[in-house]
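A.B. asks: What follows is a single structure, and I will ask about it in a moment.
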Amino acid sequence: MNGDPLSDLLRTVRLRGAVFYYVSCWEDWAAEAPPACEIAPAVLPGAEHVMEFHMVARGSGWAAVSGLAPVRLEAGDIVMFPHGDAHVMSSAPHVEPQRIEADWVFATRHDPKPMPVAYHRGVREPGAPAPVSDAETILVCGFLGCDLRPFNPLVAALPRLLHLPAARAGGWVARVIDQAAQESTDPRPGGDAVLERLAEMMFVDTARRYLDSLPEGATGWLAGLRDRYVGRALALLHQYPERPWTMDELGREVGLSRSALHERFMQFIAEPPMHYLANWRIQLGSRLLRESKRTVASIALDVGYESEAAFSRAFKRLVGLPPATWRRTAAAG
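Per this note's numbering: the sequence shown = residues 498 to 830.
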């Protein structure tokens, strides 16, 4: 661990991406995507949580999710739905959307990806070649999967609709969108891997820029990273999870009394530091169980437990299964 909590977490929650659709749009158009949980087994098999994203390669449009005001999108913008909400993408907020049925997503899950889809007052033969040269709007659409369990505070810290305008995205994002569009229309060997990595990079950068844009007074895990004291505490707990931390010692390290640190941690993270540490240790342990053949006893020592029995009790309390059983289940899944 390197003391960078965001990077640490992203390594342990198995972030992975997939670009699925290259969408060309003319005149009035609107599409309603189902909740990501309904199509997760088709788009990212094995992913515990799925988020959908859209990159605007050309033109403009709107993104909307129930209960929130529609958001205007321009070329170079990225919009993401971190909680997997059903949502509508359209040329204008008033256009009646055509719902994308989950059955169609499952029926086409083995078709070559990215799949071209054309919208012009409805769907024009999904999967058929589309004359994209004169399309008014082009979207590159895909999915990101990650684990929520045992512990992932990042997803809960993100809004239901996350909009990254081109002006705030930086020049490299425009190049990513151009590259994604090129790989989508001119498939080459290794293209799937390129698109997967591009999607993952886009998510990481979007999360970082959202963190940078948080207003003063914001709370939550991401806001905690930015706080002088809570951020330092999180960095220490991530970098040295094996240390026998106490509140007194952690407070001395960050320059606060134990009571002041507890209060500040609760304000941002909504749980005490030692409770956070226990969850983080189990998250680290779950990664080692999944990715290595090491014994449960050695993993327990590495993540800060004095014995295999103590680690097993804590693991079962959070996950619901003993470590060895969870490892077999994870391997089978």
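Beta carbons: idealized from backbone N, C-alpha and C, even for Gly.
Values in this document were obtained by computation on a predicted structure and should not be read as measured data.
In whole angstroms, what is the alpha-carbon distance linking Ala-515 and Ala-811?
C.D. replies: Locating residue 515 in the sequence shown gives position 18, where the first residue counts as 1. Locating residue 811 in the sequence shown gives position 314, where the first residue counts as 1. One C-alpha to the other measures close to 34 Å.
A.B. asks: Considering only C-alpha positions, which residue in the set Thr-743, Leu-645 and Gly-717 is nearest to Ala-654?
C.D. replies: Taking the sequence shown and counting its residues from 1, the one referred to as residue 654 is at position 157. Looking at the Cα atoms, Gly-717 is the closest of the given residues.
A.B. asks: Relative to the alpha-carbon of Ser-783, which residue among Arg-511, Trp-526, Thr-605 and Ile-766 has its alpha-carbon at the smallest distance?
C.D. replies: Mapped onto the sequence shown, residue 783 falls at position 286. Residue Arg-511 is the option with its Cα nearest to Ser-783.
A.B. asks: Check this for me: beta carbons of Pro-820 and Leu-781, under 8 Å apart or not?
C.D. replies: In the sequence shown, the residue the question calls residue 820 occupies position 323. In the sequence shown, the residue the question calls residue 781 occupies position 284. No. Outside cutoff.
A.B. asks: What are the uninterrupted segments assigned as alpha helix (DSSP H) that are 4 or more residues long and contained completely in the region 715-749, given in chain order?
C.D. replies: Runs of the alpha helix (DSSP H) inside the region 715-749: 718-723 and 725-736.
A.B. asks: Can you check whether the CB of Met-744 is closer than 8 Å to the CB of Arg-761?
C.D. replies: Numbered from its first residue, the sequence shown carries residue 761 at position 264. Numbered from its first residue, the sequence shown carries residue 744 at position 247. Not a contact, by the Cβ cut-off of 8 Å.
A.B. asks: In the DSSP assignment, what residue or residues form a beta bridge with Arg-555?
C.D. replies: Locating residue 555 in the sequence shown gives position 58, counting from the first residue. DSSP output for Arg-555 lists Ile-635 as bridge partner(s).
A.B. asks: Using 8 Å as the cut-off, can you tell me whether the region 734-749 makes contact with the region 684-696, which would need three or more C-beta pairs spanning the two stretches below that distance?
C.D. replies: Touching, no, given that fewer than three Cβ pairs across the two stretches are closer than 8 Å.
A.B. asks: Please classify Pro-440 as buried or exposed, where buried requires at least 16 other C-beta atoms within 10 Å of its C-beta.
C.D. replies: Nothing in the structure corresponds to residue 440, since the chain is present only between 498 and 830.
A.B. asks: Apart from the five residues just before and just after Ala-807, which ones in its own chain have a Cβ nearer than 8 Å to its Cβ?
C.D. replies: As a first step, residue 807 must be located in the sequence shown, where it is residue number 310. Counting only Cβ-Cβ distances below 8 Å, and skipping sequence neighbours, we find Ala-797.
A.B. asks: Less than 6 Å between C-beta atoms, sequence neighbours within five positions excluded: which residues of the same chain meet that for Ala-533?
C.D. replies: As a position in the sequence shown, residue 533 is number 36, starting the count at 1. So the qualifying residues of the chain are Val-547, Glu-549 and Gly-581.
A.B. asks: Taking only runs that begin and end inside the region 561-613, name each unbroken beta strand (DSSP E) of 3 or more residues, in chain order.
C.D. replies: Whole beta strand (DSSP E) segments, 3+ residues: 568-571, 575-578 and 584-587.
A.B. asks: Looking at the unbroken beta strand (DSSP E) that takes in Arg-513, where does it start and where does it end?
C.D. replies: Within the sequence shown, the letter at position 16 stands for residue 513. Here the beta strand (DSSP E) through Arg-513 covers 513-522.
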